[in-house]
Amino acid sequence: MGPSSSAASASSTERPRPPSPGVVSGPRASRDEIIRIDDELTARRIAKDTFVVTHEPFFSSNVLVARMPDGAVLVGSSPFETVASRALVGWIRATMSPTRIVAVNTHFHFDGTGGNEAYRELGVETWASSLTQQLLRDVGPRMQTVSAAQTSDPGRRARVAAMRLVPAEHTFEAGKELEMAFGAERVRIVSPGPAHAPDNVVVWLPSRGVVFGGCMIKSSDAAGFIGHADLEHWEAAVETVRALGARVVIPGHGAVGGPELYDLTIRVVRRELAARMRP
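Each residue of the sequence shown is one higher than the last, beginning at 4 in my numbering.
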């Protein structure tokens, strides 16, 4: 998503909230069982040691959380802002006892980078492409002002407005693939080309058949925010992701699916492109 996003409640100094009583709070859940992290964040296991965390008040924004064989935890994207991102890191540490946490910013919008303030203060290793770093620096302040203004809940609005826009700690070259090693398992950060945003990347876990497509992959007919989209090249980017061969496809918002989400996304993009070209 982009500037037109809603958000969550409480002050920017709030710490992670405890899980609700009577709800599973650890990672030992059966597939598709809902894990309630707190009143805003839920998690679902989609494969062995692989979870999708959803930040519900922010348009059901999805975050990948994967426990790796070397004891690390890989996070793709982030909750929309600092308070919820602190809660996510708290849950990961309490339930998975990671040796380290590595987070990848999947694009410059706040459902890709909004956790960086919390990640920095909590010692999470962060990565972003050079283009994501540039766009967050150049466009981020205006995007924050618009996002806060469009958030109706006062507490959530205050949290968005109070966020510090923090760049990732590590930068990789835009348009190039980054490979990460976690013991014997390799993860690929793939740059498929401009789509939902100029800088979107996907997180591909080949040994699990899971790809975190982020906001360039749709789960419904709604186009969502396309103010920074490249409609002309989006379809080609989707085909690049399709060619990876994932069985499980995680969109940026909404329900996890399979390769059928590629076809759905292309239909949405073609519709929006046709509408834009009408006189």
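Just so it is clear, CB atoms sit at the ideal spot from N, CA and C, and this is done for glycine as well. Nothing here was measured: the structure is a model prediction, and the numbers come from that model.
Tell me whether residue i is buried or exposed, calling it buried when 16 or more other Cβ atoms sit within 10 Å of its Cβ.
i, result
"E59", "exposed"
"T148", "exposed"
"D277", "Note on identity: in this sequence residue 277 is Ala, with Asp being the wrong assignment. A277 should be labelled exposed."
"A152", "exposed"
"T102", "exposed"
"T194", "What sits at residue 194 in the sequence shown is Ser, not Thr. Buried is the call here."
"I253", "buried"
"S100", "exposed"
"D35", "exposed"
"G248", "exposed"
"K221", "buried"
"V271", "buried"
"A121", "buried"
"R273", "exposed"
"G79", "buried"
"D266", "exposed"
"S132", "buried"
"D73", "exposed"
"G230", "exposed"
"I104", "buried"
May I have the straight-line CA-CA distance separating residue i from residue j, to the nearest angstrom?
i, j, result
"G186", "A75", "9 Å"
"R96", "G126", "12 Å"
"E176", "S155", "37 Å"
"L44", "R140", "27 Å"
"L77", "A171", "15 Å"
"T53", "P282", "46 Å"
"A106", "A239", "26 Å"
"S81", "F61", "11 Å"
"R159", "A46", "21 Å"
"F83", "R89", "11 Å"
"R279", "G196", "20 Å"
"F215", "V92", "19 Å"
"V251", "E124", "32 Å"
"T174", "T98", "29 Å"
"D41", "R245", "34 Å"
"T268", "V56", "21 Å"
Report the CB separation of residue i from residue j in whole angstroms; it is logged as a contact under 8 Å.
i, j, result
"N119", "T129", "6 Å"
"T135", "D233", "With a Cβ gap of about 15 Å, T135 and D233 do not count as contacting."
"V241", "A198", "7 Å"
"S150", "D114", "Actually they are not in contact, since the Cβ atoms of S150 and D114 sit about 10 Å apart, beyond 8 Å."
"E180", "R191", "6 Å"
_Which complete beta strand (DSSP E) runs does the region 43-107 hold, if anything under 3 residues is left out?_
44-50, 53-58, 64-70, 76-79, 104-107
*beta strand (DSSP E) segments (min. 3 residues) lying fully within the region 182-240*: The region 182-240 contains these whole beta strand (DSSP E) runs: 188-193, 205-208, 213-217.
*Which runs of the alpha helix (DSSP H) fall wholly inside the region 127-168 and span at least 4 residues, in chain order?*
Counting whole runs of 4 or more residues, the region 127-168 contains the alpha helix (DSSP H) stretches 133-152, 157-165.
*What are the start and end residues of each continuous beta strand (DSSP E) run of 3 or more residues lying completely inside the region 247-277, in chain order?*
251-254
*With contact counted as at least three CB pairs below 8 Å, one residue from each stretch, are the region 208-215 and the region 157-170 in contact?*
no
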